[in-house]
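Written below as structure tokens is the structure these notes are about.
Residue numbers (the numbering used here), protein chains in the order written: chain A, 1 to 113; chain B, 114 to 227.
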């Protein structure tokens, strides 16, 4: 199972763009890259997923280079409410979630006024 | 309606006691999970059930026993509680064949063992 490495913490100010990079050197051909967001006292929440190139939704963008050994979650113009822990994980493809999903420690993003 | 609900939200107990945490999902999913999150935010899978059958047991001590009476419920019973069991326990669910890697988590149950 491909494990991931991401920074333990990051700081930013309101209105800035934040990029969180995740390494997943052992990603398999069928694996998807998935990011979750966790606010204090809440469960993690799925925010975005991609396989290659770029994916964008209303919350974030996900950039994946051609070798897929890393990915970058981009949060445009963060606000105080984006303060949370962000988890990067790889998930087996084929619509299956029966595999062990490794969440790790995540990245604590703190947004300052 | 809450999609994945856990009870209780907080649990404070003494070492050696036995306690249970209940989880229910109303999403119609066929797979449910228990995760443990320690004070450093490590989120580790403990168990996974698919259609009431245990498919993942991530080397969790025998003191932890999950039970799935039906595919909408996955309860966690812990015997002889130890200090190291203090953590937040999250229940989650997913549906096979739909978006891969998308889990729906409950709000968590914070267990404190004194």
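The beta carbon of each residue, even a glycine, is placed where N, CA and C say it ideally should be.
- Under the 9 Å criterion on CB atoms, residue 6 of chain A is classed as non-interfacial with respect to chain B.
- Under the Cβ distance rule, residue 197 of chain B does not count among the residues neighbouring chain A, no pair being separated by less than 9 Å.
- If you check each beta-carbon in the region 155-189 of chain B against every beta-carbon of chain A, the ones closer than 8 Å belong to 155, 156, 157, 158, 161, 163, 168, 169, 171.
- Below 8 Å, enough C-beta pairs join the region 177-187 of chain B and the region 130-145 of chain B to call them touching: three or more.
- For residue 199 of chain B, the secondary structure class from DSSP, reduced to helix, strand or coil, is coil.
- With contact defined as three or more Cβ pairs closer than 8 Å, the region 58-75 of chain A and the region 119-129 of chain B are not in contact.
- At least 9 Å separates the CB of residue 113 of chain A from every CB of chain B.
- Taking a cut-off of 8 Å on C-beta distances, the region 165-184 of chain B does not touch the region 76-94 of chain A, as fewer than three cross pairs fall below it.
- Residue 198 of chain B counts as buried, since at least 16 other C-beta atoms from the protein chains shown sit within 10 angstroms of its C-beta.
- Taking residue 106 of chain A as reference, the option from A:18, A:44, A:55 with the minimal CA-CA separation is A:44.
- Around the beta carbon of residue 16 of chain A, fewer than 16 other beta carbons lie within 10 angstroms, which makes this residue exposed.
- Runs of beta strand (DSSP E) with 3 or more residues, each lying fully within the region 4-42 of chain A, are found at 9-13, 18-23, 31-38, listed in chain order.
- Under the three-pair Cβ rule at 8 Å, the region 203-210 of chain B counts as touching the region 148-157 of chain B.
- Between residue 161 of chain B and the set A:101, A:109, A:33, the nearest pair of CA atoms involves A:101.
- Judged by DSSP secondary structure, residue 159 of chain B falls within the beta strand (DSSP E) whose first and last residues are 156-163.
- Under the three-state reduction of DSSP output, residue 71 of chain A falls in the strand class.
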